[in-house]
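Worksheet: one structure, shown below.
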């Protein structure tokens with residue numbers, strides 16, 4: 120007899136079947152009774168009898184934040200939630216408190232973010248982002264003069280803030296280049312950093328010494344507003360700050376001040392706080408800021424990788440094999 124499962128989302132406008140594509144659906148349905156419709160929160164009461172027999176929930180972006188009372192009422196036999204996306208902070212705790220296992224495709228979502236970041240780091244070493252703008256507005260000579268101030272990517276220092284899933288993958292990928300990496304992460308062990316080929320450093324050391332700095336610190340209440348003028352003012356005159364993590368960790372006014380004081384500095388911001396920036400934010404018109412609309416994570420065909428990861432994780436759980444991407448209450452204290 121097959122186990123019972125549902126897709127669940129907070130909105131009828133969701134990307135469920137971008138994440139769980141035809142191939143993944145077929146794989147799941149070999150062992151699961153899995154309807155093709157997506158369950159919405161306002162349907163819980165009407166489906167109560169059927170939901171009481173549900174073993175698994177599958178979701179992606181838009182997973183509803185149910186209370187413990189709702190979970191106990193509607194899903195008394197639920198074993199696990201499989202989330203084909205990254206952070207589970209906004210919904211996981213009530214499920215975990217009810218004894219329901221939670222799995223996240225954060226490792227799958229880390230892949231495109233790391234690829235995006237490494238590409239930006241390498242291009243930043245040559246001053247590509249600013250030189251392209253200068254070339255268009257001031258001509259080749261001015262652009263070449265600006266680019267000549269950059270060291271390139273041989274034996275230069277790159278700073279990585281946070282050695283979680285994404286930061287670690289960035290560090291692993293950078294080992295293919297002849298670069299020296301410095302890493303800030305109070306939670307990472309010396310053994311882990313050694314394995315990643317990086318050196319532990321303070322924020323001050325990274326911002327003052329590194330040509331490029333990339334933020335991957337977990338977005339937690341304790342990390343919000345932690346990157347301030349004290350750090351940005353230490354940046355080299357042509358250094359680059361990359362943020363594909365979360366905008367709330369940056370004191371925006373302080374970053375703007377440091378960029379205005381030294382226009383040779385560059386900020387590549389895929390995330391801001393608020394997102395998008397306020398209509399009157401200087402970030403929109405500053406020549407040394409490149410804004411992108413939160414595109415570093417999974418997009419297009421990359422979204423299906425997250426569903427495939429969760430299907431594989433479900434099969435490992437069903438077979439009694441060790442799972443790779445389970446989230447615990449303790450992990451929520453330090454992960455994004």
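In our numbering, the protein residues as written are 120 to 455. Note that the Cβ used here is the ideal one computed from N, Cα and C, for glycine as well. None of these values were measured; they are calculated from a predicted model.
- In the same chain as residue 229, and ignoring 5 residues on each side of it, the C-beta atoms closer than 6 angstroms to its own belong to 284, 285 and 288, in chain order.
- Taking C-alpha positions only, residue 145 is separated from residue 371 by approximately 46 angstroms.
- Per DSSP, reduced to three states, the secondary structure at residue 357 is coil, with no helix or strand assignment.
- Counting along the chain, residue 252 sits inside the alpha helix (DSSP H) bounded by residues 247-257.
- Counting other Cβ atoms within 10 Å of its Cβ, residue 306 stays below 16 and is therefore classed as exposed.
- For residue 329, the closest alpha carbon among the candidates 292, 421, 309 and 356 is that of 356.
- The C-beta separation of residue 178 from residue 151 comes to about 14 angstroms, leaving the pair out of contact by the 8 angstroms criterion.
- In its chain, beyond the 5 residues on either side, 299, 301, 328, 329 and 330 have a beta carbon closer than 7 angstroms to the beta carbon of residue 276.
- Nearest C-alpha to residue 217 among 185, 340 and 169: 185.
- In terms of Cβ geometry, residue 444 and residue 211 do not form a close pair [threshold 9 angstroms].
- Assignment of residue 275 by DSSP, reduced to helix, strand and coil, places it in the coil class.
- Under the three-state reduction of DSSP output, residue 336 falls in the coil class, being neither helix nor strand.
- According to DSSP, residue pairing for residue 199 in a beta bridge involves 175 and 220.
- CA-to-CA, the gap between residue 446 and residue 346 works out to about 27 angstroms.
- Sixteen is the threshold: when 16 or more other Cβ atoms of the shown chains lie within 10 Å of the Cβ of residue 368, as they do, the residue is buried.
- If you draw a straight line from the Cα of residue 127 to the Cα of residue 155, it comes to about 11 angstroms.
- In this structure, the straight-line span from the alpha carbon of residue 448 to that of residue 430 is close to 22 angstroms.
- In the structure shown, residue 157 adopts extended strand secondary structure according to DSSP, grouped into three states.
- In this structure, DSSP gives residue 280 an extended state, which the three-state scheme calls strand.
- DSSP, reduced to helix, strand and coil, places residue 394 outside both helices and strands of the structure shown, so it counts as coil.
- Comparing alpha carbon positions, the residue from 337, 353 and 344 closest to residue 325 is 353.
- In the displayed model, residue 210 falls within coil according to three-state DSSP, outside both helix and strand.
- Between residue 232 and residue 426, the CB-CB gap reaches or exceeds 9 angstroms.
- Excluding the 5 residues flanking it on each side, residue 321 has same chain C-beta neighbours closer than 8 angstroms at 303, in chain order.
- Beta bridge pairing from DSSP links residue 127 with 158.
- At a Cβ-Cβ threshold of 9 angstroms, residue 362 and residue 390 count as neighbours.
- Between residue 203 and the set 197, 187 and 133, the nearest pair of CA atoms involves 133.
- Closest in C-alpha terms to residue 159, from the list 130, 168, 139 and 375, comes 130.
- For residue 278 against residue 455, the beta-carbon gap comes to about 18 angstroms, at or over 8 angstroms, which does not count as contact.
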